[in-house]
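Encoded as structure tokens, the structure appears first; notes follow it.
Number of protein chains: 2
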Amino acid sequence: MTAIDGFWAVVPAGGAGTRLWPLSRAGAPKFLLDLTGTGRTLLQGTADRLRPLVGDRLVVVTGTRHASAVAAQLPGLPTTQLMAEPSPRDSMAAIGWAAAVLEARDPSAVVGSFAADHLIGDQVAFEDCVREAVEVARTGLLVTIGIEPTYAATGFGYIRAGSALPGRPTARAVEEFVEKPDASTAARYLAEGAYRWNAGMFVVRASVLLDLLHEWHPDLASGLRALAADQALLEQSWDGLTKIAIDNAIAEPAAAAGRVAVVPGTFAWDDIGDFASLAGLLPPPADGGPTVLGDPDLVVAVDSTGLVVPGSGRVVSVVGLDDVVVIDTGDALLVTTLERAQDVKAVVDALKAAGGSDLT
Amino acid sequence: MTAIDGFWAVVPAGGAGTRLWPLSRAGAPKFLLDLTGTGRTLLQGTADRLRPLVGDRLVVVTGTRHASAVAAQLPGLPTTQLMAEPSPRDSMAAIGWAAAVLEARDPSAVVGSFAADHLIGDQVAFEDCVREAVEVARTGLLVTIGIEPTYAATGFGYIRAGSALPGRPTARAVEEFVEKPDASTAARYLAEGAYRWNAGMFVVRASVLLDLLHEWHPDLASGLRALAADQALLEQSWDGLTKIAIDNAIAEPAAAAGRVAVVPGTFAWDDIGDFASLAGLLPPPADGGPTVLGDPDLVVAVDSTGLVVPGSGRVVSVVGLDDVVVIDTGDALLVTTLERAQDVKAVVDALKAAGGSDLT
Numbered sequence: 001m002t003a004i005d006g007f008w009a010v011v012p013a014g015g016a017g018t019r020l021w022p023l024s025r026a027g028a029p030k031f032l033l034d035l036t037g038t039g040r041t042l043l044q045g046t047a048d049r050l051r052p053l054v055g056d057r058l059v060v061v062t063g064t065r066h067a068s069a070v071a072a073q074l075p076g077l078p079t080t081q082l083m084a085e086p087s088p089r090d091s092m093a094a095i096g097w098a099a100a101v102l103e104a105r106d107p108s109a110v111v112g113s114f115a116a117d118h119l120i121g122d123q124v125a126f127e128d129c130v131r132e133a134v135e136v137a138r139t140g141l142l143v144t145i146g147i148e149p150t151y152a153a154t155g156f157g158y159i160r161a162g163s164a165l166p167g168r169p170t171a172r173a174v175e176e177f178v179e180k181p182d183a184s185t186a187a188r189y190l191a192e193g194a195y196r197w198n199a200g201m202f203v204v205r206a207s208v209l210l211d212l213l214h215e216w217h218p219d220l221a222s223g224l225r226a227l228a229a230d231q232a233l234l235e236q237s238w239d240g241l242t243k244i245a246i247d248n249a250i251a252e253p254a255a256a257a258g259r260v261a262v263v264p265g266t267f268a269w270d271d272i273g274d275f276a277s278l279a280g281l282l283p284p285p286a287d288g289g290p291t292v293l294g295d296p297d298l299v300v301a302v303d304s305t306g307l308v309v310p311g312s313g314r315v316v317s318v319v320g321l322d323d324v325v326v327i328d329t330g331d332a333l334l335v336t337t338l339e340r341a342q343d344v345k346a347v348v349d350a351l352k353a354a355g356g357s358d359l360t
Numbered sequence: 001m002t003a004i005d006g007f008w009a010v011v012p013a014g015g016a017g018t019r020l021w022p023l024s025r026a027g028a029p030k031f032l033l034d035l036t037g038t039g040r041t042l043l044q045g046t047a048d049r050l051r052p053l054v055g056d057r058l059v060v061v062t063g064t065r066h067a068s069a070v071a072a073q074l075p076g077l078p079t080t081q082l083m084a085e086p087s088p089r090d091s092m093a094a095i096g097w098a099a100a101v102l103e104a105r106d107p108s109a110v111v112g113s114f115a116a117d118h119l120i121g122d123q124v125a126f127e128d129c130v131r132e133a134v135e136v137a138r139t140g141l142l143v144t145i146g147i148e149p150t151y152a153a154t155g156f157g158y159i160r161a162g163s164a165l166p167g168r169p170t171a172r173a174v175e176e177f178v179e180k181p182d183a184s185t186a187a188r189y190l191a192e193g194a195y196r197w198n199a200g201m202f203v204v205r206a207s208v209l210l211d212l213l214h215e216w217h218p219d220l221a222s223g224l225r226a227l228a229a230d231q232a233l234l235e236q237s238w239d240g241l242t243k244i245a246i247d248n249a250i251a252e253p254a255a256a257a258g259r260v261a262v263v264p265g266t267f268a269w270d271d272i273g274d275f276a277s278l279a280g281l282l283p284p285p286a287d288g289g290p291t292v293l294g295d296p297d298l299v300v301a302v303d304s305t306g307l308v309v310p311g312s313g314r315v316v317s318v319v320g321l322d323d324v325v326v327i328d329t330g331d332a333l334l335v336t337t338l339e340r341a342q343d344v345k346a347v348v349d350a351l352k353a354a355g356g357s358d359l360t
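Chains A and B are the protein sequences, given in the same order.
Once you know that position 223 of the first sequence is 223 in the working numbering, the rest is easy, because the numbers rise by one and skip nothing.
Once you know that position 142 of the second sequence is 142 in the working numbering, the rest is easy, because the numbers rise by one and skip nothing.
See the structure below:
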């Protein structure tokens, strides 16, 4: 298979990954980390996954603080394709800025946005899905890739699919985007079968994206197109751009207007939202002890299960704890359970509240 | 109160405290550590406690490996009162060697043996108890101090007390020494009321101790007396001495012969056998979180109880774990529970089995 003509991948690389503290920090966010022990960071894995679809047509949008780290991790990335935001302005500005630059470069360009810190299980299914999404996008629709739910997840937003698009093998119209549900609602979504997980993957012609944006947020669309025309405006205009997520800015109103399609993704997908999620993604240990991310020779486990990350070079020993999470780094240690993995954020909040901490 | 004439304290300072790993190591054993956050190590606390009873008449018997650390911790200790064993030969050789040296120096000397790594709660009650024990010892008996049990402990040996000694306020004859009991036996001991915990404290005239030893282990008694007469024999003779605990060597047979008395100790006593024991000895935290030994500013606890020792300078965070034990040191980390504290030894065994570890 060859790369898709005129298709660009836009990779927004932001977010600290607070629930993966102390591995993930503001200064060393999740996307810069190798969380799977493969020797490639999540950002590198994302680029590797997209390369067969886009060739060298990859744009990364990140904060100025992380631009040099991104460049170091993706040495082949041209500097013109590494876009550094002066400050975080949420996903609409990040993706829209890249789309505006690409629209100016190639008016027929199709862009696909793919977060820098997600994992995907089946490369072939992913590529097939994106190819279908690009074809639908060329017809002028905003296309999202909706992951087939495998359990009643409460941690993701959902996409409700409607009728099939004429002449398309899998694509359907999107009826609406819905927020993260509670457990009973999630169970109903799973049972009904019309709902997909919203993985934040959008495929759309660059010009359609900006035209849709212009309908609901004309100032933001104009601002981004002006920025694309004159990069020198960046410092003075960036902080004045509307801070809004792409879902709220265009996906939801466009769905209500019947202009969004969904291509179902049947591949495994995970946003590695916390350590419980990470534990589930790593290969289970052969001897039945805890899953280890790192050097297993550094871990001594007795009657224990869960996740151990020996990240400081020290020996980590665990005795008599099931589903425990032990994250050992050079300057901070976290001990919790798979069940309480979501609450790691409370530690980061406490450290920030205590002030003066360079650990977050 | 003044020091007791002719009374010497002998402090055997040995044992690695394996169940307190990774705080306690072969190279940094329990008695050299400040486990209570008082600024004094257990050895120093033992010396402090004995000083009112013996003045400067304190002898420490330790391994050659730890002699310099002991000297550094007890700077006032004369070099002649710091006895360095070439190798561990168990408690009979250690205490007997000191007794033989003191017997040669003062034939009427009374010696009391007190482990270097125990804690005692009530100094006044302890002193009263030892004074009574010394008076009884002067009559020629081997006297042990038996701690009044406060719960059905399975981790200690017991002493069964018999009839009261004539004219003594509290001392009784010892009927027998018994091994660590199982839980139901321990409960029976507690209910019967005649049993005391064997804390390994023996008070006896030095000459009586060696004469008793001569009855059951004449070679060992002769060897120790010869060593006391000529220190130059140490290297050549030490490793040939019988390796036996003082309980087995003399306390048990002497009890059977009606020559042992017990003075009940009503003070709190603990041998800090594991981290559960240590947690119980430290002041509980004011805010209801885990007990912290060390700098509380290094601990961030959310919905957690237990014991945290932030011993490496790093931040230790714990989320959602009750009765957890987290021991953080510069080169090794232990995570377990109060309930499994006894099983820490399994980690040390595993590290030794893996070989080449300098962590134990």
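For every residue, glycine included, the Cβ atom is placed at its ideal position computed from N, Cα and C.
Every value quoted in this text rests on a predicted model; they were computed, and no experiment measured them.
Out of A:Asp-274, A:Gly-288 and A:Glu-192, which has the shortest C-alpha to C-alpha gap to Thr-18 (chain A)?
A:Asp-274
Taking the C-alpha atoms as reference points, what is the distance between Asp-287 (chain B) and Ser-304 (chain B)?
11 Å
is_contact[Pro-22 (chain B), chain A] using C-beta, thresh 9 Å
So, interface residue.
Which of helix, strand or coil DSSP assigns to Arg-159 (chain B):
First, the amino acid is wrong: residue 159 (chain B) is Ile here, not Arg. Strand at Ile-159 (chain B).
Partners in chain A for Gly-320 (chain B), counting only beta-carbon separations shorter than 8 Å:
Neighbours of Gly-320 (chain B) on chain A, chain order: Thr-336, Thr-337, Glu-339, Arg-340 and Asp-343.
For a contact meaning CB atoms closer than 8 Å, what does Arg-25 (chain A) contact in chain B?
Near Arg-25 (chain A) there are no residues of chain B at all, since even the closest Cβ is about 12 Å away, more than 8 Å.
Quickly, what does DSSP pair Trp-8 (chain B) with across the bridge? List them, please.
B:Val-111
Cβ closer than 7 Å: which chain A residues qualify as neighbours of Arg-168 (chain B)?
Result: empty, since nearest Cβ-Cβ is about 46 Å, beyond 7 Å.
According to the neighbour-count rule (16 or more other Cβ atoms, all chains shown, within 10 Å of its Cβ), is Lys-30 (chain B) buried or exposed?
Per the 10 Å Cβ criterion, buried.
Applying the criterion that 16 or more other CB atoms from any shown protein chain within 10 Å of the CB defines a buried residue, is Tyr-195 (chain B) buried or exposed?
buried
Chain-ordered chain B contacts of Pro-324 (chain A) [CB-CB under 9 Å]
For the sequence presented, residue 324 (chain A) should be read as Val rather than Pro. Residues of chain B passing the Cβ test: Leu-321, Val-324 and Val-335.
Counting Cβ pairs, one atom from each stretch, are 3 or more of them under 8 Å apart for the region 3-19 of chain B and the region 38-51 of chain B?
yes
How close, in whole Å, do the beta carbons of Leu-77 (chain B) and Ala-67 (chain B) come, if the pair is a contact with beta carbons under 8 Å?
11 Å between Cβ atoms; not a contact.
What does DSSP give as the partner residue(s) for Asp-270 (chain B) in the beta ladder?
B:Leu-119
Mapping DSSP to helix, strand and coil, what is Ala-199 (chain B)?
strand
Classify Pro-284 (chain A): buried if its beta carbon has 16 or more other beta carbons within 10 angstroms, exposed otherwise.
exposed
Cross-chain neighbours of Arg-19 (chain A) in chain B, by beta carbon under 8 Å
Correct list: empty, because the minimum Cβ distance to chain B is about 11 Å.
State yes or no: is the C-beta of Val-344 (chain B) within less than 9 Å of the C-beta of Leu-20 (chain B)?
yes
Please tell me whether Val-302 (chain B) has its Cβ less than 9 Å away from any Cβ of chain A.
yes
Extent of the continuous beta strand (DSSP E) run through Leu-77 (chain A)
Element bounds for Leu-77 (chain A): n/a, residue is neither H nor E.
Those residues which DSSP pairs with Ala-261 (chain A) across a bridge
Partner(s): A:Val-143 and A:Ala-173.
Using a cut-off of 7 Å between C-beta atoms, extract the partners of Leu-359 (chain A) located in chain B.
Val-315
Asp-295 (chain A) by DSSP, collapsed to three states: which one?
coil
Beta-carbon of Val-136 (chain A) versus every beta-carbon of chain B: anything under 9 Å?
no
Buried or exposed: which applies to Leu-334 (chain B), given that a residue is buried once 16 or more other Cβ atoms fall within 10 Å of its Cβ?
Counting of Cβ neighbours within 10 angstroms places Leu-334 (chain B) among the buried residues, the total reaching 16 or more.
Residues, ordered as in the chain, of the region 274-296 of chain A that lie near chain B by beta-carbon distance below 7 Å
Per Cβ criterion, the list is empty.
Ser-24 (chain A), DSSP secondary structure in three states:
Reduced to three states, the DSSP call for Ser-24 (chain A) is coil.
Asn-300 (chain A) versus Thr-144 (chain B): straight-line alpha-carbon distance, rounded:
It is worth fixing the name first, because residue 300 (chain A) is Val in this sequence and not Asn. So the alpha carbons of these two residues sit roughly 41 Å apart.
Determine the chain B residues that contact Leu-307 (chain A) at a beta-carbon separation under 9 Å, and present them in chain order.
Correct list: empty, because the minimum Cβ distance to chain B is about 12 Å.
Quick check: His-217 (chain B) and Ala-255 (chain B), are their CB atoms within less than 9 Å of each other?
no
At a Cβ cut of 8 Å, what residues of the region 170-194 of chain B count as close to chain A, listed as they run along the chain?
The region 170-194 of chain B vs chain A, Cβ under 8 Å: nothing.
Starting from the Cα of Leu-241 (chain A), find the closest Cα among A:Thr-41, A:Ala-226 and A:Glu-252 and give me that residue.
A:Ala-226
Helix, strand or coil at Ser-312 (chain B) according to DSSP, with G and I counted as helix:
coil
Give me the Cα-Cα distance between Val-309 (chain B) and Asp-328 (chain B), rounded to the nearest whole angstrom.
6 Å
Quick check on Gly-96 (chain A): does DSSP put it in helix, strand or coil?
helix
Cβ of Gly-355 (chain A) within 9 Å of any chain B Cβ:
no
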